[in-house]
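In the numbering used here, the protein residues as written are 21 to 565.
Glycine included, every Cβ here is placed at the ideal spot set by N, Cα and C.
Following: one structure in structure tokens, then a few remarks.
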């Protein structure tokens with residue numbers, strides 16, 4: 021068989037493979053012809069991002085069954101997903117498929133999410149198989165049954181002292197309060213080769229980290245409260261440390277000088293401090309410390325009784341030599357910069373909230389150019405037209421209806437939504453949702469059908485279920501309240517084939533002792549669903565198809 025892809029050089033074909041999912045490669049390209057088949061056999065850069073690939077349970081099982089042949093050719097693993105229950109099921113299934121004979125000799129990075137002690141016990145016994153691992157990212161570490169700080173300390177120790185090849189580590193812990201990572205005395209006499217360390221949500225002792233990680237080039241962490249109790253002790257930081265980001269409850273200029281005194285190679289400094297003294301908001305006081313610093317970022321929370329004068333940040337050193345500026349925000353929307361210029365954009369504002377009763381002034385609305393989520397409280401017809409007259413909404417990927425609409429929606433509202441090029445997710449009440457049924461929405465992959473007992477349409481009829489699947493043919497995730505769909509059998513039996521994740525909420529029955537959850541048995545007896553995973557908690561049922 022002859023085709024344009026097969027005649028390309030091998031290196032170029034492998035480069036194209038980098039942008040394809042492992043499922044597409046193994047289930048399609050693998051069978052095109054002998055040349056592509058042979059390249060698939062030697063390709064060693066598979067990226068397993070389970071947020072984007074193998075969303076269907078059958079596809080995921082296919083990849084897990086191929087692990088004995090794939091382990092040595094997997095370059096990255098990514099289990100970062102917001103849907104805890106289904107992510108955990110994927111995680112358990114994948115790592116349970118790994119045997120001690122599966123050596124991941126080419127694995128470079130791993131990203132994990134929602135880690136508890138049970139999940140960690142599953143992976144820690146397999147850490148020795150990751151002989152070339154360079155980067156680990158772990159988000160949302162939380163253990164409700166045990167102490168989260170203890171779990172974080174265990175993970176920290178296991179990773180750093182088992183994965184000898186590791187260079188980059190990112191840990192984000194939840195619900196740790198003022199706790200710190202505990203490093204055993206036996207560990208303090210060892211040294212690591214790690215070069216980049218980020219620890220969020222739990223504090224660390226800088227002196228301990230510097231003693232075990234002399235090769236650190238980048239550090240982002242929160243300091244323990246007693247970090248500066250002994251001001252006579254010098255911080256023996258890594259001589260290679262170039263980037264430092266610190267979060268602290270309080271700080272003084274004297275402590276900053278003490279901290280930076282031994283960091284001779286530092287070029288990037290970031291500070292996030294909740295309580296600061298007067299000297300730290302004096303631009304002239306920073307000049308002696310900033311001679312080698314190239315990038316300096318800070319966020320200081322300042323009490324109302326401190327007078328702010330930005331003139332010290334308007335000197336030649338700040339504005340001309342370093343080309344730095346200092347914005348000052350007070351109140352909810354007022355912002356002043358040391359340059360004397362008004363900002364033209366809010367690059368960190370990703371959510372745009374709009375309420376016609378508390379309308380955002382035009383000058384601020386025009387700055388919301390980086391928002392990717394649009395949340396409208398009321399009066400959809402006027403709100404969307406007003407917003408689009410000032411800013412381009414082409415970045416919007418997620419639209420959420422926060423309150424019920426009391427007025428009849430016009431075609432203009434639907435037209436604006438339909439023409440948003442990157443819109444992928446909708447959260448709408450039923451009375452709003454049905455106004456979309458006369459169009460096809462092939463770009464929407466996530467739909468949340470909100471429920472309100474005051475909505476004029478309390479549940480979908482049989483015809484509206486048909487219209488739902490006719491309009492949303494590419495849905496991958498669906499969430500709805502169990503009270504809002506009376507004919508569940510029809511909803512599931514006529515659903516689009518692309519659907520992989522379903523969440524059924526039971527909020528309305530929270531205080532009902534006789535409530536009936538949608539059970540696995542009911543689904544098997546009353547629908548055509550087969551070979552699915554079922555999970556539930558007190559308020560939700562999750563289905564993985």
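Alpha-carbon to alpha-carbon, residue 485 and residue 511: Counting from 1 along the chain shown, the entry for residue 511 is found at position 491. Counting from 1 along the chain shown, the entry for residue 485 is found at position 465. Taking the straight line joining both Cα atoms gives about 6 Å.
For residue 542, the three-state DSSP class (helix, strand or coil): Locating residue 542 in the chain shown gives position 522, where the first residue counts as 1. Of the three classes helix, strand and coil, the one that applies to residue 542 here is helix, per DSSP.
Distance CB(residue 134)-CB(residue 162) smaller than 9 Å: On the chain shown, position 114 is the one that residue 134 refers to. On the chain shown, position 142 is the one that residue 162 refers to. Yes, Cβ-Cβ distance for residue 134 and residue 162 is below 9 Å.
Start and end residues, beta strand (DSSP E) containing residue 408: Working through the chain shown from its first residue, we reach residue 408 at position 388. Counting along the chain, residue 408 falls outside any beta strand (DSSP E), though it belongs to the alpha helix (DSSP H) covering 400 to 408.
Through-space distance from residue 239 to residue 216, alpha-carbon basis: Stepping through the chain shown from its first residue, residue 216 is reached at position 196. Stepping through the chain shown from its first residue, residue 239 is reached at position 219. Distance between the alpha carbons of residue 216 and residue 239: 6 Å.
Residue 467, enclosing beta strand (DSSP E) - first and last residue: Counting from 1 along the chain shown, the entry for residue 467 is found at position 447. 466 to 470 is the extent of the beta strand (DSSP E) around residue 467.
Coarse secondary structure for residue 533, derived from DSSP in three states: The residue you call residue 533 lines up with position 513 of the chain shown. With a pLDDT of 48 at residue 533, under the threshold of 50, the modelled position of that residue is not reliable, and the figure given next carries that caveat. Of the three classes helix, strand and coil, the one that applies to residue 533 here is coil, per DSSP.
Backbone secondary structure at residue 458 - three-state DSSP: Within the chain shown, residue 458 is the residue found at index 438, counting from 1. Coil at residue 458, not helix or strand.
Same chain, Cβ closer than 8 Å to residue 547, five either side skipped, listed in chain order: Start at 1 with the first residue of the chain shown, and residue 547 comes out as number 527. 508, 509, 512, 513, listed in sequence order.
Inter-residue CB distance, residue 118 and residue 93 (contact presumed, cutoff 8 Å): On the chain shown, residue 118 is found 98 positions in, with the first residue counted as 1. On the chain shown, residue 93 is found 73 positions in, with the first residue counted as 1. Separation of the CB atoms of residue 118 and residue 93 is rounded to 14 Å, and the pair is thereby denied contact status at 8 Å.
The segment 289 to 298 / the segment 265 to 279 touching (three or more Cβ pairs under 8 Å): yes
Local conformation of residue 340 per DSSP, three classes: The residue given as residue 340 occupies position 320 in the chain shown. Looking at residue 340 - three-state DSSP - the assignment turns out to be helix.
Per DSSP, the bridge partner or partners of residue 20: Because the chain is modelled from 21 through 565, residue 20 falls outside the range shown and cannot be assessed.
Where residue 61 sits in the DSSP three-state scheme: Within the chain shown, the letter at position 41 stands for residue 61. Residue state, collapsed to three classes: helix.
Boundaries of the alpha helix (DSSP H) in which residue 139 is found, first to last residue: Taking the chain shown and counting its residues from 1, one reaches residue 139 at position 119. It spans 137 to 144 - the alpha helix (DSSP H) in which residue 139 sits, taken as one unbroken run.
Candidates 559, 181, 552: closest to residue 106 by CA position: Here residue 106 corresponds to residue number 86 of the chain shown, with the count starting at 1. Closest option to residue 106, Cα to Cα, is 552.
Whole-angstrom distance between residue 391 and residue 536, CA atom to CA atom: Counted from its first residue, the chain shown places residue 536 at position 516. Counted from its first residue, the chain shown places residue 391 at position 371. So the alpha carbons of these two residues sit roughly 40 Å apart.
Residues near residue 285 by beta carbon distance below 7 Å, same chain, minus five either side: For the purposes of this step, residue 285 is taken as residue 265 along the chain shown, with counting starting at 1. Correct list, in chain order: 259, 260, 261, 262.
For residue 438, the first and last residue of its enclosing alpha helix (DSSP H): Reading the chain shown from its first residue, position 418 is the one you call residue 438. Unbroken alpha helix (DSSP H) run through residue 438: 431 to 438.
Entirely enclosed beta strand (DSSP E) segments - the segment 259 to 293, minimum 3 residues: 263 to 271
Span separating the alpha-carbon of residue 233 from that of residue 37: Counting from one through the chain shown, the residue named residue 233 turns up at place 213. Counting from one through the chain shown, the residue named residue 37 turns up at place 17. Whole-angstrom Cα-Cα distance: 37 Å.
Alpha carbon of residue 193 to alpha carbon of residue 79, nearest angstrom: The residue given as residue 193 occupies position 173 in the chain shown. The residue given as residue 79 occupies position 59 in the chain shown. Rounded to whole angstroms, the separation of the alpha carbons of residue 79 and residue 193 is 31 Å.
Neighbour-count burial assignment, residue 27, 16 or more Cβ in a 10 Å radius: Sequence index remark: in the chain shown, residue 27 carries index 7 (1-based). Flag for residue 27 reads exposed.
Extent of the continuous alpha helix (DSSP H) to which residue 75 belongs: Counting from 1 along the chain shown, the entry for residue 75 is found at position 55. Taken as a continuous stretch (DSSP letters only), residue 75 belongs to no alpha helix (DSSP H), as it is neither H nor E.
Separation of residue 283 from residue 466, as counted between CA atoms: Sequence index remark: in the chain shown, residue 466 carries index 446 (1-based). Sequence index remark: in the chain shown, residue 283 carries index 263 (1-based). Straight-line Cα distance between these residues: approximately 48 Å.
Of the residues 45, 271, 409, the one placed nearest residue 320, counting alpha carbons only: As a first step, residue 320 is located in the chain shown; it is residue number 300 there, counting from the start. With distances taken between Cα atoms, residue 320 lies closest to 271.
Straight-line gap, residue 281 to residue 242 (C-alpha atoms, nearest Å): Translated into positions along the chain shown, residue 281 becomes position 261. Translated into positions along the chain shown, residue 242 becomes position 222. Distance between the alpha carbons of residue 281 and residue 242: 19 Å.
Test item: CB-CB of residue 185 and residue 154 under 9 Å: The residue given as residue 185 occupies position 165 in the chain shown. The residue given as residue 154 occupies position 134 in the chain shown. Cβ atoms of residue 185 and residue 154: closer than 9 Å.
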